[in-house]
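Visitor:
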Amino acid sequence: MKIGLLQEGKVPPDKRVPFSPGQCAHVMNTYPNISICIQSSSHRCFSDKEYIEKGIAVQEDLSDCDIIMGIKEVPLDMLIADKVFLFFSHTIKKQPYNKKLLQKIIQTNIQLIDYETLIDDKGQRIIGFGRYAGILGCYNTFLAYGKKTKKYDLNFAHKLSSKKDLEKEILKTILPNNFKIILTGGGRVAGGAVEMLELLGVKKISKSNFLEKNFNYPTYIQLSPLDYNERIDAAEACKHDFYSFPKQYKSSLFKYAACADMLITGHYYSPNSPTILSRQDFKNPLCKISVVGDISCDIDGPIGCTIRPSNIASPIYGYNPITETEDDYQKEGIIVVMAVDNLPCSLPKDASTDFGQVFIEKVLPDLMLNGPLVSRGTIAIDGKLTKRFEYLLDYINS
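Sequential numbering from 0 applies to the sequence shown in numbering that gives the first Met the number 0.
1) Below 7 Å between beta carbons: does that hold for A350 and F128?
2) Counting pairs of beta carbons, one from the region 297–311 and one from the region 249–268, are three or more of them closer than 8 Å?
3) If we ignore side chains and look at the alpha-carbon of each, how far apart do T274 and I181 end up?
4) Check for me: the beta strand (DSSP E) holding N228 runs from which residue to which?
5) For N97, which of helix, strand or coil comes out of DSSP?
6) What residues in its chain sit with their C-beta under 7 Å from that of D381, if we drop five residues either side in the sequence?
7) Whole angstroms are fine: how far does the CA of F86 sit from the CA of I112?
8) Taking just the CA atoms, how far does G332 sit from K149?
9) Could you pull out every residue in the same chain whose Cβ sits closer than 6 Å to the Cβ of F214, ignoring the five residues on either side in sequence?
10) Nearest-angstrom Cα distance between D47 and K1?
11) If you measure between the beta carbons of I70 and D13, is that distance less than 7 Å?
12) Can you name the start and end residues of the beta strand (DSSP E) that L222 belongs to?
13) Return the first residue and the last residue of the beta strand (DSSP E) that Y316 is part of.
14) In chain order, what residues of the same chain lie with their CB nearer than 6 Å to the CB of P416, ignoring the 5 residues before and after it?
15) Tell me the DSSP secondary structure of I288 in three-state form.
16) What does DSSP give as the partner residues of G129 in its beta bridges?
17) According to the neighbour-count rule (16 or more other Cβ atoms, all chains shown, within 10 Å of its Cβ), is G355 buried or exposed?
18) What's the C-alpha gap between D365 and N28?
19) Touch check for the region 316–329 and the region 159–167: three-plus C-beta pairs under 8 Å?
20) Consult DSSP for D353 and reduce its assignment to one of helix, strand or coil.
21) With DSSP as the reference, label D393 as helix, strand or coil.
22) Three-state secondary structure (DSSP) at D120?
23) Kindly examine the ligand ATP and report whether one of its heavy atoms sits closer than 6 Å to the Cβ of I204.
24) Which residues in the same chain as E229 place their Cβ atom closer than 7 Å to its Cβ, once the five residues preceding and following it in sequence are excluded?
25) Residues in the same chain with beta-carbon distance under 6 Å from Q6, minus the five sequence neighbours each way, listed in chain order, please.
26) Measure the CB-CB distance between V188 and A256 and report whether it falls below 7 Å.
27) Are the CB atoms of V335 and K147 within a distance shorter than 7 Å?
28) In terms of residue numbering, what span does the beta strand (DSSP E) encompassing G191 cover?
29) Quick one: give me the first and last residue of the alpha helix (DSSP H) that F358 is part of.
30) If you draw a straight line from the alpha carbon of P31 to that of I67, how long is it in whole angstroms?
31) What is the DSSP secondary structure of P72, reduced to helix, strand or coil?
32) Could you check if D280 is buried or exposed, using at least 16 other CB atoms within 10 Å of its CB as the buried criterion?
33) Please determine, among G3, P74 and V16, the residue with the shortest C-alpha to C-alpha distance to T59.
34) Indicate whether N271 and P301 have their beta-carbon atoms separated by less than 7 Å.
35) Whole angstroms are fine: how far does the CA of E325 sit from the CA of G376?
36) Measure the alpha-carbon distance for L384 versus P95 and round it to whole angstroms.
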């Protein structure tokens, strides 16, 4: 089996890669029946030379590869018929800007395996860059607080060379006593944020203590969807009911927002779910939140102050809750927002290595056998959608 690592063709090109040079060498040493090659790229976080030094061949034509791996969406002219492709296709929510991509994949008999759709038998995602999104999102949120208050000044994440440097830099953070943080979500993104909070010594407390008590140190609560959503009719809520009938629910996060100084979002948001904190909520003088790290970054969605994405070089902006427009974040009453939508690209080497390690451990063995994990994660094969993704038929036929 021959695997080719694709040059990222989407503009601007992503610096991340599925495997580091060392991981490529490890795979070939562990599995003698697997060979790996790369397309030359000047944009990767690892240079061609680093791959060559590990014995990885560089070739422009990947048509002799059985499996072709990338990160972002593959341009139409880089697709190769009858091959197996793995990348983040951003098609499963019927994203209009990628409709032609999925159409071309169907037309050319490509087997598309999306990293996002690789789930275990319990429906849990296997792989992604969520952990590093959480790590970097949390870091940038404390960077935002420092910029707004001028209590300290953190270096921008993309100017740091490694996670170790990031961990050292965040220790410059200075938080007042009784500083309270809300963290939403329980998956990899939230887990990455927790790593940073624990590094800073921020203490996790119960929901009741968050609402009722003051502390002489910084604290946080971690909330699952049922912690901040309740049924409109006040009936008993349960996880299955919430995911099945989200329109029957309303947000109850405001009671926490009235006690919190910072909000960090690590949740997954479905379009039919309730707004979590609306623009009206941010207008309410009882809302204490002055810093929002919206790692989830749904624009004009569940978090009312997230009116646009920010970027790695300029990760924060101000939101005026009265005018509902962007404003100078250092002005009184203006909320500072961090809403970078490609956070892992700030530390592409570390994020890529973390991704590759999970892939090698949990996905590669199944990929070699074309097992159940790969079968579940396949969106299209043999010129048609798989059963799990037949709901996309109207999307590709429209």
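Ideal Cβ placement from N, Cα and C applies to all residues, glycine included.
Guide: A quick look at the data gives this:
1) By one-based count along the sequence shown, residue 350 stands at place 351. By one-based count along the sequence shown, residue 128 stands at place 129. Between A350 and F128, the CB-CB gap stays under 7 Å.
2) A contact between stretches requires three or more CB pairs, one per stretch, nearer than 8 Å, and the region 297–311 meets this requirement with the region 249–268.
3) Your numbering for residue 274 matches position 275 in the sequence shown. Your numbering for residue 181 matches position 182 in the sequence shown. In a straight line, the C-alpha of T274 is about 16 Å away from that of I181.
4) Position 229 of the sequence shown holds residue 228. Here the beta strand (DSSP E) through N228 covers N228 to R230.
5) Here residue 97 corresponds to residue number 98 of the sequence shown, with the count starting at 1. Helix.
6) Sequence index remark: in the sequence shown, residue 381 carries index 382 (1-based). N108.
7) Taking the first residue of the sequence shown as position 1, residue 112 is located at position 113. Taking the first residue of the sequence shown as position 1, residue 86 is located at position 87. Spanning the two alpha carbons is a distance of roughly 7 Å.
8) As a working note, residue 149 is residue 150 in the sequence shown. As a working note, residue 332 is residue 333 in the sequence shown. Going by the C-alpha atoms only, they are around 15 Å apart.
9) Walking along the sequence shown from the start, residue 214 turns up at place 215. Closer than 6 Å at the Cβ level, and outside the excluded window around F214, lie N177.
10) Within the sequence shown, residue 47 is the residue found at index 48, counting from 1. Within the sequence shown, residue 1 is the residue found at index 2, counting from 1. Their Cα atoms are separated by approximately 18 Å.
11) Taking the sequence shown and counting its residues from 1, the one referred to as residue 70 is at position 71. Taking the sequence shown and counting its residues from 1, the one referred to as residue 13 is at position 14. Against a cut-off of 7 Å, the Cβ pair of D13 and I70 comes out as a contact.
12) Numbered from 1 along the sequence shown, position 223 holds the residue referred to as residue 222. L222 -> beta strand (DSSP E) spans T218 to L222.
13) For this step, residue 316 is matched to residue 317 along the sequence shown. I315 to N319 is the extent of the beta strand (DSSP E) around Y316.
14) In the structure as shown, the chain starts at 0 and stops at 397, and residue 416 therefore has no counterpart that could be examined.
15) For the purposes of this step, residue 288 is taken as the residue at position 289 of the sequence shown. Three-state result, I288: coil.
16) What you label residue 129 is simply residue 130 of the sequence shown in a count that begins at 1. According to DSSP, which records beta bridges pairwise, G129 is partnered with nothing at all.
17) Counting from one through the sequence shown, the residue named residue 355 turns up at place 356. When all chains shown are included, G355 counts as buried.
18) Against the sequence shown, residue 365 aligns to sequence position 366. Against the sequence shown, residue 28 aligns to sequence position 29. Looking at the two C-alpha atoms, the distance is approximately 18 Å.
19) no
20) Walking along the sequence shown from the start, residue 353 turns up at place 354. Helix, per DSSP.
21) In the sequence shown, counting from the first residue as 1, residue 393 sits at position 394. DSSP places D393 in helix when its eight states are reduced to three.
22) The residue you call residue 120 lines up with position 121 of the sequence shown. If DSSP states are grouped into helix, strand and coil, D120 belongs with coil.
23) Here there are no bound small molecules, and the ligand ATP is not part of this structure.
24) Counting from one through the sequence shown, the residue named residue 229 turns up at place 230. Excluding positions up to five away in sequence, the list reads A236, Y248, K249 and S251.
25) Taking the first residue of the sequence shown as 1, we reach residue 6 at position 7. Once the five neighbours on either side are set aside, the close Cβ partners of Q6 are Q38 and S40.
26) In the sequence shown, counting from the first residue as 1, residue 188 sits at position 189. In the sequence shown, counting from the first residue as 1, residue 256 sits at position 257. Taking 7 Å as the Cβ cut-off, V188 and A256 do not qualify as a contacting pair.
27) As a working note, residue 147 is residue 148 in the sequence shown. As a working note, residue 335 is residue 336 in the sequence shown. Contact: yes.
28) The count along the sequence shown starts at 1 and reaches residue 191 at position 192. Run containing G191: none in the beta strand (DSSP E); it sits in the alpha helix (DSSP H), R187 to L198.
29) Here residue 358 refers to the residue found at position 359 when the sequence shown is read from its first residue. Neither: F358 is in no alpha helix (DSSP H) and is coded neither H nor E.
30) Numbered from 1 along the sequence shown, position 32 holds the residue referred to as residue 31. Numbered from 1 along the sequence shown, position 68 holds the residue referred to as residue 67. Computed Cα separation, rounded: 18 Å.
31) Translated into positions along the sequence shown, residue 72 becomes position 73. A small correction: the amino acid at residue 72 is Glu; Pro does not occupy that position in the sequence shown. Of the three classes helix, strand and coil, the one that applies to E72 here is coil, per DSSP.
32) Your numbering for residue 280 matches position 281 in the sequence shown. The residue is buried, with at least 16 neighbouring Cβ atoms inside 10 Å.
33) Within the sequence shown, residue 59 is the residue found at index 60, counting from 1. Residue identity check: residue 59 is Glu in the sequence provided, not Thr. The shortest Cα separation from E59 among G3, P74 and V16 belongs to G3.
34) The residue labelled residue 271 in the question sits at position 272 within the sequence shown. The residue labelled residue 301 in the question sits at position 302 within the sequence shown. Their beta carbons are not under 7 Å apart, which means N271 does not touch P301 by this criterion.
35) For this step, residue 376 is matched to residue 377 along the sequence shown. For this step, residue 325 is matched to residue 326 along the sequence shown. The C-alpha of E325 is placed about 40 Å away from the C-alpha of G376.
36) For the purposes of this step, residue 384 is taken as the residue at position 385 of the sequence shown. For the purposes of this step, residue 95 is taken as the residue at position 96 of the sequence shown. Rounded to whole angstroms, L384 to P95 spans 17 Å at the Cα level.
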